[in-house]
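Chemist:
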Amino acid sequence: MKLISKKYFVALIVALATGSAWGKPALRIPITVLQPDGSELTIVKRGNAAFKSVYTLDGYLLKYDDKLGYVYAVPQPDGSIEASGIVARNAEMRSASDNMFLENISKEETAKAIEAMSLRAAESGRFQLKSKTPAFIAGCIMNTRGPGLYDYSFPCTGKQKVLVILAEFKDIKFNSKNKSPYNKIDAHTYFTEMLNKEGFDTYGGTGSARDWFLDNSNGKFDPEFDVFGPVTLPHNVSYYGRNLGNGEDANPHQMIIDACKALDGEINFKDYDRNGDGYVDNVYVFYAGYGEADTVGQKDTIWPHSWEISWATAPNNNTPGEPLELDGVYIDRYACSNETCGIIGDNGFDYIYADRPDGIGTFVHEFSHVMGLPDLYSTGEYQSYREVPFTPENFSVMDYGPYNNDGMTPPNYSAYERYALDWMDPVSMSPGNRNLGNLGSTNQAFIVKTEKQNEFYLFENRQQTGWDKYIPGHGMLVWHVDYDQQVFYNNKVNNTKDHQYVDLIEADNIQDYPIGVDGGYYEYPESTRTGDPFPGSKNVRSFGSKTTPALVSWSKKSLGVELTDIKESNGVISFLATINGNSSVTEISTDVVSGEIYDIKGVKVGSVNDGNLPSLDPGIYIIRSGNNIKKVTIR
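Numbering (the numbering used here), first residue to last: 132 to 766.
Below you can see the structure in the form of C-alpha cells.
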C-alpha cells in the first residue's frame, strides 16, 4: 500500500473540540488503508481525545461503516452527520457517479454541522477539566511564577511521588501488539525504567521521564514514578474505547476506576495526596496495546488524554458526578496513554509501525497537562487551510514535539512553560550587549513586558543538542505570551491565527503552511521551520518595532526595545539591545551578585543570579544576600 511521502494534512474542514480537550494530537500523516472491496484509500486523521475525524486528502469528511469501510459523510438538515453508504475513493479513482454525488456535498454545510457537533460535545462536559474555576485558579498563582497554567493544583516542585498503573484488557494483553524482539520485555520492568532510570536507553531511548523533568526544571522537580500492575480489567478494550457519535471514547474513565479498585489492596492511595487536599494528585494509567492517536483502524482503543472522573460521570455540564473514594481520599484527576507505539512514518511506499513499547514523548505531553499546561497545537475548527494557525509544531512538547525521534526524545520546555511552572526567573531585558546561552544547559531567558500585566515576550536560545536534538532549527526563539484565564482554561490557546496566546514569532515571517496541490493537505514545512529562530536559516539579524515581524504588543504599541546585530556563534546568541525612554522595560541596577528577593509582605518573589534581576512589577522589594539586606524600589 503506497503512501504519499512526507505529506502532512490540513483538511479544508478541520473538526476538533470546541470545549477543553487535553491530549496528544493525532499523527498527521496520510495513511493508505485497504477497503473491504479491495480498493486502497488514503486517509488522514485529525483531532484529539475530545473530537476526532477522518478525511480524504482533498478534504471530504468520512464515516466508518463496518461492512463497507470508509464512506463519505453527509450533513443533515438537523445538523447531524450521517454515513452516505457510498464507498470513499481517492480522487483519481472516482467514477463519474462518485463525482456527481460529491458535487452535492457542501463542505460549508459540513463545517457548520461539525461545529454544531463539537459545540454539543463541549456543552456535554465531556473531556473538560473543571475541578478549579478560573477565579480559584487566579487565587492560586504564586508570585514567583509566570502566568500560563490552567490548573495549579499539582505540586510541581520538590520530590514528589506519582502513581502509575499498568492495565490490560480481557482481550488485549501487554506485549500482544509488540513485535519481536520488543515483545520479550516485562511490562512492569520496562515502564519502571522508562519513567525512572537514569540514562534510560532501551529501544533507542535517550533518557527517562524523570531525567527529562529533572533537566527541564533545573533540578527543582524530582518525581518518583511508582509503577503498579499489570492488572487485568473486567472488560474488553471496546467497552472503554469504542467511539461514540462525536468520535469521543465511550468509557475511558471507567478504565481508571476499574484499575484503581483492582489494586486497592496493594496501593495506599492516601500516599499520593502530596498536597493534603483530600484528593490523589493524579493517577496515570498505561493501557495495553495501541492508542488511537497514532494508528488507523483502531477505533475501539483509547486516545491518550487527561481528564477527571467527576466530569466524565457528570449528569450535565454544570453538575459534576462523584469521584472515586478509596483509602479515605478521592481519586478524580487522571491521565493515560498507550503501551505500544504505532505509526512512526513511511518509506515512500508503505507506512511504518514501530510496534514497540512507546517512548517518553506521549507521557511527557500528557503529564504536562497534569501539571496544568495547555495544548499549543490548534484545537479549533476551520473551513479552510488558510485559517489554520501556524503553531510551534516540533519545537514544543505541547504541540507536535511528542513525536520527535519517534517519541523517544521530546523537546525541552520553552521559557514559557518553565516560567509558568516556577522553574525559571527570566531576566528583564536591559540595554547593551547581551548573550544567551543554550536554554537546555543554562535555564536562562530574557523577558520584555508590554503595557498589559500578563502580556510579554520571552527570548531563549535553543540548540539541537540533548533533548532538543530533533527540533527543526536552532537559534533564538521568541515567544509572545498573552495570558487570558478563560482562553487557557478552555484549551483554546492557539486557535486564532491572528492572535495566538503563546505565539512563536517566526523570524522569517512565514506564517502559513505550504499549500498542497489539491488544497486539502500541506507539505510539512521543514524548510520554513529552520527560519523560525533568529538569525536562523534566513539570517534575520534585527527585531524591533519597525521590523517584520515586529516587537510590538497585540495592541500594536511599540515596546521601545530594539534588538540588532543578532548573531549565533558556537551555540551562543548575542545581540545589542537598545531601549528608549518610552519602553515598558525597567532597568534595575544592584551590586548584589546573588540573593533572594521578597516583597514587603515577606513573600519570596524571585532571585538575583549573577547580578541579574527577574522581571518585577512596580513596588518595594527587599534583597537578602547572606546577612546583607538591600531595599529596592521599582517605579
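Ideal placement from N, C-alpha and C gives every residue a C-beta, glycine not left out.
Since the model is a prediction, treat every value here as computed from it, not as a measurement.
Asp389 to Pro365, Cα distance in whole Å?
Modeler: Computed Cα separation, rounded: 7 Å.
Chemist: Taking 8 Å as the cut-off, decide whether the C-beta atoms of Val671 and Ala708 are in contact.
Modeler: No.
Chemist: Residues in the same chain with beta-carbon distance under 7 Å from Gly773, minus the five sequence neighbours each way, listed in chain order, please.
Modeler: Outside the shown range of the chain (132 to 766) lies residue 773, about which nothing can therefore be said.
Chemist: Using the C-alpha atoms, what's the distance from Met502 back to Asp412?
Modeler: One C-alpha to the other measures close to 10 Å.
Chemist: Could you compute how far the alpha carbon of Gly338 sits from the alpha carbon of Phe352?
Modeler: Going from the Cα of Gly338 to the Cα of Phe352 covers about 16 Å.
Chemist: Check Ala393 in the structure and name its three-state DSSP category.
Modeler: Helix, per DSSP.
Chemist: Between Phe359 and the rest of its own chain, which residues show a CB-CB distance below 8 Å, the 5 nearest in sequence each way excluded?
Modeler: Correct list, in chain order: Leu294, Val295, Ile296, Leu297, Leu394, Glu397 and Ile398.
Chemist: For the candidate residues Asp629, Ala244 and Phe587, whose alpha-carbon lies nearest to that of Val612?
Modeler: Nearest of Asp629, Ala244 and Phe587 to Val612, Cα basis: Phe587.
Chemist: Note down the Cα distance separating Glu699 from Pro666, rounded to an integer number of angstroms.
Modeler: Cα-Cα distance, rounded: 7 Å.
Chemist: Who are the near neighbours of Gly538 in its chain, counting only those whose CB is closer than 7 Å to its CB and skipping five residues on each side?
Modeler: Cβ within range, chain order: Cys472, Asp489, Gly490, Gly492 and Thr493.
Chemist: Exposed or buried, which one is Pro208 when buried takes at least 16 other CB atoms within 10 Å?
Modeler: Pro208 comes out exposed.
Chemist: Using only the alpha-carbon positions, how far apart do Lys687 and Arg220 sit?
Modeler: Each residue's alpha carbon lies about 48 Å from the other.
Chemist: What does a CB cutoff of less than 8 Å around Met560 pick up in its chain, not counting 5 residues either side in sequence?
Modeler: Around Met560: Phe577, Ile578, Val579, Phe590, Val692, Ala708, Ile710 and Val716.
Chemist: Which residue marks the beginning of the beta strand (DSSP E) containing Met529, and which one marks its end?
Modeler: Met529 -> no beta strand (DSSP E), and no H or E assigned at all.
Chemist: Quick one: what does DSSP say Thr163 is sitting in, helix, strand or coil?
Modeler: Of the three classes helix, strand and coil, the one that applies to Thr163 here is strand, per DSSP.
Chemist: Is Leu188 buried or exposed, if buried means 16 or more other CB atoms sit within 10 Å of its CB?
Modeler: Leu188 should be labelled buried.
Chemist: Measuring straight from C-alpha to C-alpha, what distance separates Thr444 and Ala466?
Modeler: Going by the C-alpha atoms only, they are around 16 Å apart.
Chemist: Does the Cβ of Asn347 have 16 or more other Cβ atoms within 10 Å, making it buried, or fewer, making it exposed?
Modeler: Per the 10 Å Cβ criterion, buried.
Chemist: Give me, in chain order, the residues of the same chain whose beta-carbon lies closer than 7 Å to that of Gln642; leave out the 5 immediate sequence neighbours on both sides.
Modeler: Counting only Cβ-Cβ distances below 7 Å, and skipping sequence neighbours, we find Phe521.
Chemist: Would you tell me roughly how many angstroms separate the C-alpha atoms of Val175 and Asn327, rounded to the nearest one?
Modeler: Cα to Cα, the separation comes out at about 35 Å.
Chemist: Jot down the residue ranges of each uninterrupted beta strand (DSSP E) in the region 424-463, minimum 3 residues, whole runs only, in chain order.
Modeler: 436-439, 455-457 and 460-462, all fully within the region 424-463.
Chemist: For the beta strand (DSSP E) that contains Gln584, what are its first and last residues?
Modeler: Segment: none, Gln584 is in no beta strand (DSSP E) and carries neither H nor E.
Chemist: Helix, strand or coil, according to DSSP, for Asn569 in the structure here?
Modeler: The answer is strand: DSSP assigns Asn569 an E or B state.
Chemist: Going along the chain, which residues of its own chain have a beta-carbon closer than 8 Å to the beta-carbon of Pro562, five neighbours each way excluded?
Modeler: Taken in chain order, the residues that qualify are Ala708, Thr709, Ile710 and Glu718.
Chemist: Considering Cα atoms alone, identify which of Tyr371, Asp556, Asp342 and Tyr283 is closest to Lys301.
Modeler: Nearest C-alpha to Lys301: Tyr371.
Chemist: Quick check on this structure: which residue in Gly200, Ser211, Asp357 and Gly606 has the alpha carbon closest to the alpha carbon of Phe706?
Modeler: Answer by Cα proximity: Gly606.
Chemist: Look up Met607 in the DSSP assignment and say whether it is helix, strand or coil.
Modeler: Met607 falls in the strand class under three-state DSSP.
Chemist: Which value, in whole angstroms, describes the spacing of the CA atoms of Gly650 and Tyr191?
Modeler: Because the pLDDT at Gly650 is just 46, under 50, the model does not fix this residue reliably, and the point stays unresolved.
Chemist: From Asn367, Asp556 and Leu507, pick the residue whose C-alpha is nearest to that of Asn525; which is it?
Modeler: Comparing Cα positions, the closest option is Leu507.
Chemist: When you compare only the Cα positions, how much space is there between Ser527 and Met231?
Modeler: Roughly 43 Å separates the two Cα atoms.
Chemist: Taking the alpha carbon of Asn585 as the point to measure from, which residue in Gly279, Glu518 and Asp317 has its own alpha carbon closest?
Modeler: The shortest C-alpha separation from Asn585 is found at Gly279.
Chemist: Leaving out five residues before and five after Pro505 in sequence, what residues of the same chain have Cβ atoms less than 6 Å from its Cβ?
Modeler: So the list reads Tyr281, Phe619, Asn622 and Val624, once near-sequence residues are dropped.
Chemist: Out of Glu470, Ser170 and Ser184, which has the shortest C-alpha to C-alpha gap to Asn306?
Modeler: Ranking the options by Cα distance to Asn306, first place goes to Glu470.
Chemist: Quick one, which of Arg593, Thr659 and Pro680 has its alpha-carbon nearest Asp629's?
Modeler: Checking every option, the nearest Cα to that of Asp629 belongs to Pro680.
Chemist: To the nearest angstrom, how far is the alpha carbon of Ile602 from that of Gly662?
Modeler: So the two alpha carbons sit approximately 12 Å from each other.
Chemist: Based on DSSP bridge pairs, tell me the residues matched to Ile296.
Modeler: BP columns for Ile296 point to Phe359 and Val416.
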